[in-house]
Amino acid sequence: MDYFIELLFSGLTRGSIYALIALGYTMVYGIIGLINFAHGEIYMIGAFTSFIVATVLSIYGFPLLAIVVIAGVAAAIWSSAYGYTIEKIAYKPLRHAPRLSPLISAIGMSIFLQNYVLLAQTSDFLPFPELIPDFDFMEPVAHIVGSSDLVILITTTIVMLILTFVIKFTRIGKAMRATAQDRTMAMLVGINVNNIISATFIIGSALAAIGGLLIASHIGQINFYIGFIAGIKAFTAAVLGGIGSIPGAVLGSLILGLTESFATGYVSSDYEDVFAFSLLVLILIFKPSGLLGKAETQKV
Amino acid sequence: MKLNMNRKLFSTAACLLIAVSVPALVLAEGDTIKFGVAGAHSGDLASYGLPTVNAAQLVIEKVNAAGGVNGKMVELLVEDDVCKPEVATNTATKLVSDGVDVVLGHICSGATKAALPIYKNAGVLVMSPSATNPELTQSGDYPNFFRTIAPDDAQAQVDVEFALNKLNYTKIAVVHDKGDYGKGFAEFAKKFLEESGKAEVVLFEGVTPGAVDYSAIVQKIKRSGAQAVMFGGYHPEASKIISMMKKKRLKVDFISDDGVKDNTFIKVAGEDAEGAYASGPKDTTANPLSIEAVAAHKAKFNADPGAFFENAYSATLAMLNAIEKADTTELEAVKKALQTEKVDTPVGNIYFDENGDAIGVGFSVYQVKDGAFVEL
Numbered sequence: 496m497d498y499f500i501e502l503l504f505s506g507l508t509r510g511s512i513y514a515l516i517a518l519g520y521t522m523v524y525g526i527i528g529l530i531n532f533a534h535g536e537i538y539m540i541g542a543f544t545s546f547i548v549a550t551v552l553s554i555y556g557f558p559l560l561a562i563v564v565i566a567g568v569a570a571a572i573w574s575s576a577y578g579y580t581i582e583k584i585a586y587k588p589l590r591h592a593p594r595l596s597p598l599i600s601a602i603g604m605s606i607f608l609q610n611y612v613l614l615a616q617t618s619d620f621l622p623f624p625e626l627i628p629d630f631d632f633m634e635p636v637a638h639i640v641g642s643s644d645l646v647i648l649i650t651t652t653i654v655m656l657i658l659t660f661v662i663k664f665t666r667i668g669k670a671m672r673a674t675a676q677d678r679t680m681a682m683l684v685g686i687n688v689n690n691i692i693s694a695t696f697i698i699g700s701a702l703a704a705i706g707g708l709l710i711a712s713h714i715g716q717i718n719f720y721i722g723f724i725a726g727i728k729a730f731t732a733a734v735l736g737g738i739g740s741i742p743g744a745v746l747g748s749l750i751l752g753l754t755e756s757f758a759t760g761y762v763s764s765d766y767e768d769v770f771a772f773s774l775l776v777l778i779l780i781f782k783p784s785g786l787l788g789k790a791e792t793q794k795v
Numbered sequence: 017m018k019l020n021m022n023r024k025l026f027s028t029a030a031c032l033l034i035a036v037s038v039p040a041l042v043l044a045e046g047d048t049i050k051f052g053v054a055g056a057h058s059g060d061l062a063s064y065g066l067p068t069v070n071a072a073q074l075v076i077e078k079v080n081a082a083g084g085v086n087g088k089m090v091e092l093l094v095e096d097d098v099c100k101p102e103v104a105t106n107t108a109t110k111l112v113s114d115g116v117d118v119v120l121g122h123i124c125s126g127a128t129k130a131a132l133p134i135y136k137n138a139g140v141l142v143m144s145p146s147a148t149n150p151e152l153t154q155s156g157d158y159p160n161f162f163r164t165i166a167p168d169d170a171q172a173q174v175d176v177e178f179a180l181n182k183l184n185y186t187k188i189a190v191v192h193d194k195g196d197y198g199k200g201f202a203e204f205a206k207k208f209l210e211e212s213g214k215a216e217v218v219l220f221e222g223v224t225p226g227a228v229d230y231s232a233i234v235q236k237i238k239r240s241g242a243q244a245v246m247f248g249g250y251h252p253e254a255s256k257i258i259s260m261m262k263k264k265r266l267k268v269d270f271i272s273d274d275g276v277k278d279n280t281f282i283k284v285a286g287e288d289a290e291g292a293y294a295s296g297p298k299d300t301t302a303n304p305l306s307i308e309a310v311a312a313h314k315a316k317f318n319a320d321p322g323a324f325f326e327n328a329y330s331a332t333l334a335m336l337n338a339i340e341k342a343d344t345t346e347l348e349a350v351k352k353a354l355q356t357e358k359v360d361t362p363v364g365n366i367y368f369d370e371n372g373d374a375i376g377v378g379f380s381v382y383q384v385k386d387g388a389f390v391e392l
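So the protein sequences, as listed, match chains P and D.
Counting from 496, one number per residue, gives the positions in the first sequence under this note's numbering.
Counting from 17, one number per residue, gives the positions in the second sequence under this note's numbering.
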């Protein structure tokens, strides 16, 4: 039973990590129907920014909490700037092009950003400072769920709740939903569609940056390639849950994380990806638009 | 007629030239030690083979200048095999028909394997500076084969012996990163652990490189009751796993390979790396013979020596030393001398086991102490 609980928390942690990244994928897809493959790189840039800021601040002897807050805010702003710029440069000019064109543009952006960080920073692995300390009250259960696991779990939950609230109950959320439903009609009723799309990219990128800080602190190392692998898994989770749906992204991420964790624990970690992707195939066969996704009707 | 005369003159001259030049090279006709060097001396793998030729030249010049081996001069015969098995058989036949006494080579494992039966039938001793395929010595098919490089499975052997005999573990988890290098190491480690009968492999699994979280595998290691984790792979995964073990308050030792014996491992894992073990090649840079050999190479060829130079230099020294001690080039006597007489070489003070692997060459276990790898 202990073993089951250990694996459960390990799966929940993994799932929450995927969810922090998957939320960005699903938001962008929900609004403009584009799979933003550069999203994993935004997460990586967030991790690098918080690494640089945290290193500088710790040299000046700032307290840990201040370092976390300042590094998080700086990473969120910097990553948002990247997200905003990428949309303006790589996606906006292709908004009326066939659907494949922005997709290819997104893959190009992803490769560009990876190599940019490789050249501008380093190809080495860098030690990421432990920004989440071990809390004393967690010590009795530290062998099951660590402090960074707890922080990630709580952050993911809060972020999901806030996002759902924003989209359901605020003006900008209403405008986002309108844009997602019918862009032309939204423009006709006076919604500035360009601003709404930019806002979506900014929010998604800021989330990825916070994810970058938390996840890098959990793993303890970063390099230019971390965004790619994490991005692929998060994308899988978003598809599993129904891409375009916010609760779906979180649900899909948790299912993926738990599947991997239990597959490792009870079968073999050699097969964790086999189980994860078999599950994806199975769900897509029976629910082609994902667990919580809406079936897309072809407009004629 | 005039033409005929000329031709006759020319051929006589040529015959004379050859007749004169051969003894001139050999000095005392029929009384030299013929030392063959075979390997890739041209083609895309030439950079692996040419340093061996240089090493043999340097040693033989030195030995001949000092009066040879038991009064006999050493003669160098160099043949190219381009690292191709089909060429290597021809190379071997050529050397054997030239009456070679011992052969330094071949360079590539595949070529060596192809050539060995020919030398075996002729009773010629062969010593490779670079062929690492474990089968070459361990199969027992080639009693005439020796080498001065550790076989591919040596790291796993060193780690396993260390874990069993120094640390006295009885339960070990073997984890790898699913790659060629890591999985190969892990499979050898598993094999040696099982063969030893002293320890149980309680877990054998591969992890996915680059994954965001390794807590599930760490929990599995904990549940397996392992006293140590033996990891095959590179430092990024190693540092993630070792940090996660500390986070989950799991106190088991960590033993790994050359891919982890990298300063980045210590830099990234920080304090979590303290006490971890990793195997790596023995440090030879402080060996005076190694310094001397490299200096001699620089003086003669005006360049830094290349791949396997020290292994080749050591092999040449070992073979000539054995011939000197045995006072013959007869295979059995030389073999016995190789297995009993220790010799000082750039790779250390070595002799050979019954399979033909050098003892004293290869890997040591290092431990992280105060942020640096210390040889144990």
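For each residue, glycine too, the CB sits at the ideal point set by N, CA and C.
Residue i: contacting residues in chain P (beta-carbon distance under 8 Å)
{"i": "Q235 (chain D)", "result": "Y498, E501, L502, S505, G760"}
{"i": "R163 (chain D)", "result": "What R163 (chain D) touches in chain P: nothing, since even the nearest Cβ is about 34 Å away."}
{"i": "P252 (chain D)", "result": "F620, Q716, N718"}
Secondary structure of residue i, DSSP reduced to three states
{"i": "T186 (chain D)", "result": "coil"}
{"i": "L219 (chain D)", "result": "strand"}
{"i": "F719 (chain P)", "result": "coil"}
{"i": "Y425 (chain D)", "result": "Outside the displayed span of chain D (17 to 392) sits residue 425 (chain D), for which this structure offers no information."}
{"i": "V38 (chain D)", "result": "Note that V38 (chain D) has pLDDT 45, beneath the 50 cutoff, so the model's placement of it is unreliable and the number below is only indicative. Residue state, collapsed to three classes: helix."}
{"i": "P297 (chain D)", "result": "strand"}
{"i": "F504 (chain P)", "result": "helix"}
{"i": "S600 (chain P)", "result": "helix"}
{"i": "P167 (chain D)", "result": "coil"}
{"i": "S330 (chain D)", "result": "helix"}
{"i": "I738 (chain P)", "result": "coil"}
{"i": "K50 (chain D)", "result": "strand"}
{"i": "R590 (chain P)", "result": "coil"}
{"i": "E45 (chain D)", "result": "Its pLDDT being 45, under 50, E45 (chain D) is placed unreliably by the model, and the measurement read from it follows with that caveat. E45 (chain D) falls in the coil class under three-state DSSP."}
{"i": "M143 (chain D)", "result": "strand"}
{"i": "F281 (chain D)", "result": "helix"}
{"i": "T652 (chain P)", "result": "helix"}
{"i": "N80 (chain D)", "result": "helix"}
Listed by chain order, chain D residues near residue i by CB distance under 8 Å
{"i": "D818 (chain P)", "result": "Residue 818 (chain P) falls outside the range modelled here, since chain P spans only 496 to 795, and no answer is possible."}
{"i": "A637 (chain P)", "result": "K263, K264, R265"}
Nearest-angstrom beta carbon gap, residue j and residue i [assumed within contact, 8 Å]
{"i": "V612 (chain P)", "j": "I540 (chain P)", "result": "7 Å"}
{"i": "L141 (chain D)", "j": "V112 (chain D)", "result": "That pair is no contact at about 12 Å."}
{"i": "V523 (chain P)", "j": "G699 (chain P)", "result": "6 Å"}
{"i": "G519 (chain P)", "j": "A694 (chain P)", "result": "13 Å between Cβ atoms; not a contact."}
{"i": "A514 (chain P)", "j": "S605 (chain P)", "result": "A514 (chain P) to S605 (chain P), Cβ: 20 Å. No contact."}
{"i": "V98 (chain D)", "j": "A56 (chain D)", "result": "5 Å"}
{"i": "A542 (chain P)", "j": "L708 (chain P)", "result": "7 Å"}
Contacts of residue i in chain P (Cβ-Cβ under 7 Å)
{"i": "S231 (chain D)", "result": "S505, T508"}
{"i": "V119 (chain D)", "result": "The contacting residues do not exist; V119 (chain D) stays about 42 Å from chain P at best."}
{"i": "G286 (chain D)", "result": "P622"}
{"i": "K283 (chain D)", "result": "P622"}
{"i": "S259 (chain D)", "result": "G715"}
Chain-ordered neighbours of residue i on chain D, where CB pairs are closer than 7 Å
{"i": "I512 (chain P)", "result": "V228, D229"}
{"i": "I714 (chain P)", "result": "V228, K256"}
{"i": "D619 (chain P)", "result": "T280"}
{"i": "I691 (chain P)", "result": "What I691 (chain P) touches in chain D: nothing, since even the nearest Cβ is about 31 Å away."}
{"i": "S756 (chain P)", "result": "A232"}
{"i": "A725 (chain P)", "result": "V228"}
{"i": "K710 (chain P)", "result": "Before going further, note that residue 710 (chain P) is Ile rather than Lys in the sequence given. Simply V228."}
{"i": "G707 (chain P)", "result": "What G707 (chain P) touches in chain D: nothing, since even the nearest Cβ is about 11 Å away."}
Within chain D, partners of residue i - CB distance below 9 Å
{"i": "A549 (chain P)", "result": "Within 9 Å Cβ-Cβ: nothing; A549 (chain P) doesn't reach chain D, min ~15 Å."}
{"i": "G747 (chain P)", "result": "Within chain D, no residue comes near G747 (chain P); the closest Cβ sits about 15 Å away, beyond 9 Å."}
Within chain B, the residues that residue i reaches when beta carbons sit closer than 8 Å
{"i": "D768 (chain P)", "result": "Absence of chain B from the displayed structure is noted, the protein chains being P and D."}
Chain P contact residues for residue i, given Cβ-Cβ distances below 9 Å
{"i": "K129 (chain D)", "result": "Under the 9 Å cutoff, chain P gives no residues; its nearest Cβ is about 31 Å from K129 (chain D)."}
At least three beta-carbon pairs within less than 8 Å, the stretch 613–624 of chain P to the stretch 238–250 of chain D:
Counting Cβ pairs under 8 Å, fewer than three are found: no touch.
Would you call the stretch 119–137 of chain D in contact with the stretch 232–239 of chain D, where contact means no fewer than 3 C-beta pairs closer than 8 Å?
Result no; under three Cβ-Cβ pairs closer than 8 Å.
Three or more C-beta pairs under 8 Å: does that hold for the stretch 279–298 of chain D against the stretch 373–391 of chain D?
With three or more CB-CB distances shorter than 8 Å, the stretch 279–298 of chain D counts as touching the stretch 373–391 of chain D.
Can you confirm whether the stretch 334–351 of chain D touches the stretch 279–286 of chain D when touching is taken to mean that 3 or more C-beta pairs between the two stretches lie within less than 8 Å?
Not touching, per the Cβ criterion.
Could you give the uninterrupted runs of the alpha helix (DSSP H) lying entirely in the stretch 220–254 of chain D, keeping only those of 4 residues or more?
Fully contained in the stretch 220–254 of chain D are the following alpha helix (DSSP H) runs of length 4 or more, in chain order: 231–240.
Any 3 or more C-beta pairs closer than 8 Å across the stretch 153–170 of chain D and the stretch 184–199 of chain D:
Too few Cβ pairs lie closer than 8 Å, so no.
Count the CB pairs spanning the stretch 360–374 of chain D and the stretch 301–313 of chain D that are closer than 8 Å, and state whether there are at least three.
Taking 8 Å as the limit for Cβ pairs, the verdict is that the stretch 301–313 of chain D does touch the stretch 360–374 of chain D.
Stretch pair the stretch 709–725 of chain P + the stretch 582–598 of chain P: three plus CB contacts closer than 8 Å
With a cut-off of 8 Å, the stretch 582–598 of chain P and the stretch 709–725 of chain P do not count as touching, because too few Cβ pairs lie within range.
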